[in-house]
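Presented below is the structure to which this report refers.
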Amino acid sequence: MIEGWRRLIFFLGLLVALFACGKPDSQRTVLRVGFVPSENVQQVAQNAQPIVEILEQKLGVEVQPFVATDYTGVVEALRANKLDIAFLSPASYVLAKNEANVKVVLKSHRKGLAHYYAAIITHADSGIRTLGDLRNKTFAFGDPLSTTGHVFPKKMFKENGIDPTKDFKNVLYSGGHDATVLAVLNRKVDAGATFANFTDGKDAAWIQYLKNPEEQKKIRAIAYSEPIPADNLVIGSRLDPGLAQKIQEIFLELSRDPAGNKMLRDLYQIDGFVAATDQDYDSVREAFKIAGINLREALSKRRK
Numbered sequence: 163m164i165e166g167w168r169r170l171i172f173f174l175g176l177l178v179a180l181f182a183c184g185k186p187d188s189q190r191t192v193l194r195v196g197f198v199p200s201e202n203v204q205q206v207a208q209n210a211q212p213i214v215e216i217l218e219q220k221l222g223v224e225v226q227p228f229v230a231t232d233y234t235g236v237v238e239a240l241r242a243n244k245l246d247i248a249f250l251s252p253a254s255y256v257l258a259k260n261e262a263n264v265k266v267v268l269k270s271h272r273k274g275l276a277h278y279y280a281a282i283i284t285h286a287d288s289g290i291r292t293l294g295d296l297r298n299k300t301f302a303f304g305d306p307l308s309t310t311g312h313v314f315p316k317k318m319f320k321e322n323g324i325d326p327t328k329d330f331k332n333v334l335y336s337g338g339h340d341a342t343v344l345a346v347l348n349r350k351v352d353a354g355a356t357f358a359n360f361t362d363g364k365d366a367a368w369i370q371y372l373k374n375p376e377e378q379k380k381i382r383a384i385a386y387s388e389p390i391p392a393d394n395l396v397i398g399s400r401l402d403p404g405l406a407q408k409i410q411e412i413f414l415e416l417s418r419d420p421a422g423n424k425m426l427r428d429l430y431q432i433d434g435f436v437a438a439t440d441q442d443y444d445s446v447r448e449a450f451k452i453a454g455i456n457l458r459e460a461l462s463k464r465r466k
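Numbering follows the working numbering, in which position 22 of the sequence shown is assigned residue number 184; successive positions increment by one, without gaps.
Here it is in structure tokens:
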């Protein structure tokens, strides 16, 4: 009996999928939106819900959010045409452009600046002051495809003659910025890589995830990267251009609206969006090369 119900559910799901695929975008009833998991997946899903509701209200369609368990999961979904639009990190975008031919249309800004930074952090009480002091220490990267949690920090190390696999006592991948901050705070590792919106330490991962001011003071940044082009919104290759334009307009409107601004801030700590082009992310492609991270290998490791 249970097996029979499973077959029926599978058959009905297949019919729905075929029906949706057969409709032109002008008659689309579902919009599939991807979100990279910059922090705990459940928290991202919760923060994304107001955005989902705005899109449903403005477009008159059902919006299906998808928060992947890691950064490459969103890229995989785009490559398989399972998403129509997605919020991506700079590094995720470079990979998605390479694998899924997505189009970047908007990039985020914070206080008018469309860039942010990677930050190398340690506990305030540690004796670590420079990147060189990290030798023989334990270190936490974030997601392997995180721009500020892995790609640019590796570039920073390379440029300073540091090889994490040889020079660090131990390296782990926390999976998210919140986990990295907590690992450093609780001395699970000596140092870690995360993001900072500015280089004054007042708007950064440890401020966002640690609500207690006394705990915030226990995190100290020892180095910042060069400015990195900001995270972005991309459009899948099959999305109707007219619908894509409407979506862009909605997010630009949110950028100008105080309530919309708060939604974006809650989601990814951003203040709004500005227009973006593929060329804006050439410095990220260069960072991949210098860091020695192969784009195709990054995705193939996820598939195994």
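Don't be surprised by glycine CBs; every beta carbon is placed ideally from N, CA and C.
With a threshold of 6 Å on Cβ separation, who are the neighbours of residue i within its own chain once the five nearest residues in sequence on each side are excluded?
{"i": "ILE397", "result": "ILE247, LYS265, VAL267 and ALA406"}
{"i": "GLY196", "result": "PHE228, VAL236, ALA239, LEU245 and ALA248"}
Suppose you measure from the CA of residue i to the CA of residue j; what does that come to, to the nearest Å?
{"i": "GLN205", "j": "GLY304", "result": "17 Å"}
{"i": "LEU347", "j": "TYR279", "result": "20 Å"}
{"i": "GLY323", "j": "ASN332", "result": "17 Å"}
{"i": "LEU240", "j": "PRO227", "result": "13 Å"}
{"i": "LEU416", "j": "ARG297", "result": "45 Å"}
{"i": "LEU257", "j": "ARG447", "result": "9 Å"}
{"i": "SER387", "j": "ASP362", "result": "13 Å"}
{"i": "GLY294", "j": "ARG427", "result": "35 Å"}
{"i": "PRO212", "j": "MET425", "result": "7 Å"}
{"i": "PRO403", "j": "ALA367", "result": "35 Å"}
{"i": "LEU414", "j": "GLY222", "result": "18 Å"}
{"i": "LYS379", "j": "GLU224", "result": "43 Å"}
{"i": "ALA437", "j": "LYS269", "result": "6 Å"}
{"i": "ALA207", "j": "ALA453", "result": "31 Å"}
{"i": "ASN289", "j": "PHE330", "result": "Correcting the residue identity first, residue 289 is Gly in this sequence and not Asn. The alpha-carbon atoms of GLY289 and PHE330 are separated by roughly 16 Å."}
{"i": "GLN219", "j": "VAL351", "result": "45 Å"}
{"i": "TYR443", "j": "VAL313", "result": "13 Å"}
{"i": "GLY337", "j": "PRO306", "result": "8 Å"}
{"i": "ILE409", "j": "LEU395", "result": "10 Å"}
{"i": "ALA358", "j": "ALA230", "result": "23 Å"}
{"i": "ASN423", "j": "GLU321", "result": "37 Å"}
Counting C-beta neighbours from all protein chains within 10 Å, is the total for residue i 16 or more, i.e. buried, or is it exposed?
{"i": "VAL192", "result": "exposed"}
{"i": "GLN441", "result": "exposed"}
{"i": "THR327", "result": "exposed"}
{"i": "LYS364", "result": "exposed"}
{"i": "LEU275", "result": "exposed"}
{"i": "ASP232", "result": "buried"}
{"i": "ALA421", "result": "exposed"}
{"i": "THR439", "result": "exposed"}
Return helix, strand or coil for residue i, following the three-state DSSP convention.
{"i": "LYS269", "result": "strand"}
{"i": "ASN423", "result": "helix"}
{"i": "THR310", "result": "helix"}
{"i": "ARG382", "result": "strand"}
{"i": "VAL198", "result": "coil"}
{"i": "ILE452", "result": "helix"}
{"i": "VAL229", "result": "strand"}
{"i": "LEU250", "result": "strand"}
{"i": "GLU326", "result": "What sits at residue 326 in the sequence shown is Pro, not Glu. The answer is helix: DSSP assigns PRO326 an H, G or I state."}
{"i": "LYS257", "result": "According to the sequence provided, residue 257 is Leu. The question's Lys does not apply to it. LEU257: helix per DSSP, three-state reduction."}
{"i": "ALA207", "result": "helix"}
{"i": "PHE360", "result": "coil"}
{"i": "THR300", "result": "strand"}
{"i": "GLY434", "result": "strand"}
{"i": "ALA262", "result": "helix"}
{"i": "ALA281", "result": "strand"}
{"i": "VAL346", "result": "helix"}
{"i": "SER215", "result": "A small correction: the amino acid at residue 215 is Glu; Ser does not occupy that position in the sequence shown. If DSSP states are grouped into helix, strand and coil, GLU215 belongs with the helices."}
{"i": "VAL333", "result": "strand"}
{"i": "VAL223", "result": "coil"}
{"i": "ALA406", "result": "helix"}
{"i": "VAL351", "result": "coil"}
{"i": "ILE290", "result": "coil"}
{"i": "ALA242", "result": "coil"}
{"i": "ALA276", "result": "coil"}
State yes or no: is the C-beta of residue i within less than 8 Å of the C-beta of residue j?
{"i": "LYS259", "j": "ARG194", "result": "no"}
{"i": "THR356", "j": "ALA281", "result": "yes"}
{"i": "PHE450", "j": "HIS271", "result": "no"}
{"i": "LEU217", "j": "ILE412", "result": "yes"}
{"i": "ALA429", "j": "ASN209", "result": "The amino acid occupying residue 429 in the given sequence is Leu; Ala does not appear at that position. For LEU429 and ASN209, yes; Cβs fall inside 8 Å."}
{"i": "VAL198", "j": "SER251", "result": "yes"}
{"i": "LYS316", "j": "ILE455", "result": "yes"}
{"i": "ILE390", "j": "THR309", "result": "yes"}
{"i": "ILE283", "j": "ARG382", "result": "yes"}
{"i": "GLY354", "j": "ALA286", "result": "no"}
{"i": "ASP419", "j": "LYS273", "result": "no"}
Which same chain residues, not among the five before or five after residue i, have their C-beta less than 7 Å away from its C-beta?
{"i": "ARG400", "result": "ASN243"}
{"i": "LYS161", "result": "This structure does not reach residue 161, given that the chain is present from 163 up to 466, and the question cannot be answered."}
{"i": "ARG291", "result": "ILE384"}
{"i": "ASN263", "result": "SER399"}
Using a Cβ-Cβ cutoff of less than 8 Å, which residues in the same chain neighbour residue i once the five nearest sequence positions on both sides are dropped?
{"i": "ASP325", "result": "PHE319"}
{"i": "TYR371", "result": "GLU201, HIS339, ASP340, VAL343 and LEU344"}
Using a beta-carbon distance below 8 Å, is residue i in contact with chain C?
{"i": "LEU293", "result": "Chain labels in this structure do not include chain C; a single protein chain is all it has."}
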